[in-house]
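Novice:
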Amino acid sequence: MSSFGACSITGRIAAGFIGNLKCTRRDLLSFGYVFTAGIVCILSIFSGSSLILHAVFAGCFGFLNGSYHSLYTTLLVDIVGLSELPKAMGYIQLVKCIISAISLPLAGLLFDVTQNYVATYLFIGISNIIGGVLFLCSGIANRRRRSKNESAEIKECS
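Note that the sequence shown covers residues 1471 to 1628 in the numbering used here.
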C-alpha cells in the first residue's frame, strides 16, 4: 500500500504540472493514464508470489491512478464548461458511487467463483481499458462540438 500511496502522490503532482502546460491535450493525457492503468492491472496477474513485483505493479498503478485523479476536474471543465461544473460533478459522483456499489461485490463474487484474483484483475483492467477508450471518444466528440460551435459563431458574425 505504501508504494501505491507514494506513487499516487507523485503521479498527482506530475500530471497536474503536465496537464497545465498549454501544449497538452488533457483528454489524451487522461486516456493514456486510464488505458495504461488497465494494461498494468492486467499485467499484474503475472507477478505471482513476488512481493517486489507486486510492489512495482502497485506503484505503477498508483502513479497512473493518481495522475488521472488530478486531471479529473480540469477535464470536466474542458468538456462541460465552468458554468456547468457543479452539476456535472454531482452527476459524476453519483455515477462513481453506483459503480463502486456494483464493482466491489462483483469483484468479491469473481474471487468466490474462481478462488483466485486473476479474474478480478482482468475485470478491473478491461474496465479501465474501456474507460480509457470512452475518454478518447469523449475528447474527440468534444473537439468536434467545439469546432462546429466556433464555425457557427463565425458565420453569425459575417
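Ideal Cβ placement from N, Cα and C applies to all residues, glycine included.
(1) Judging by CA-CA distance, which residue of Val1550, Val1565, Leu1555, Pro1575 is the nearest neighbour of Arg1615?
(2) Starting from Tyr1542, follow the alpha helix (DSSP H) in both directions and report where the run begins and ends.
(3) Taking Phe1487 as part of the alpha helix (DSSP H), name the residues at either end of that continuous run.
(4) Let me make sure I understand the geometry here. Which of Gly1489, Leu1604, Ser1570 has the alpha-carbon closest to that of Thr1544?
(5) Pop quiz: Gly1536 and Ile1594 are said to be a contact at Cβ under 8 Å. What is the actual Cβ separation, rounded to whole angstroms?
(6) DSSP three-state call for Thr1584: helix, strand or coil?
(7) Does Thr1494 come out as helix, strand or coil in the three-state DSSP assignment?
Specialist: On the basis of the coordinates in this document:
(1) Numbered from its first residue, the sequence shown carries residue 1615 at position 145. Closest option to Arg1615, Cα to Cα, is Val1550.
(2) For this step, residue 1542 is matched to residue 72 along the sequence shown. Element bounds for Tyr1542: 1521 to 1550.
(3) The count along the sequence shown starts at 1 and reaches residue 1487 at position 17. 1472 to 1489 is the span of the alpha helix (DSSP H), which, as asked, contains Phe1487.
(4) The count along the sequence shown starts at 1 and reaches residue 1544 at position 74. Selected option, being the one with the closest Cα: Gly1489.
(5) Locating residue 1536 in the sequence shown gives position 66, counting from the first residue. Locating residue 1594 in the sequence shown gives position 124, counting from the first residue. Actually they are not in contact, since the Cβ atoms of Gly1536 and Ile1594 sit about 16 Å apart, beyond 8 Å.
(6) Here residue 1584 refers to the residue found at position 114 of the sequence shown. Residue state, collapsed to three classes: helix.
(7) In the sequence shown, the residue the question calls residue 1494 occupies position 24. Note: Thr1494 maps to coil in three-state DSSP.
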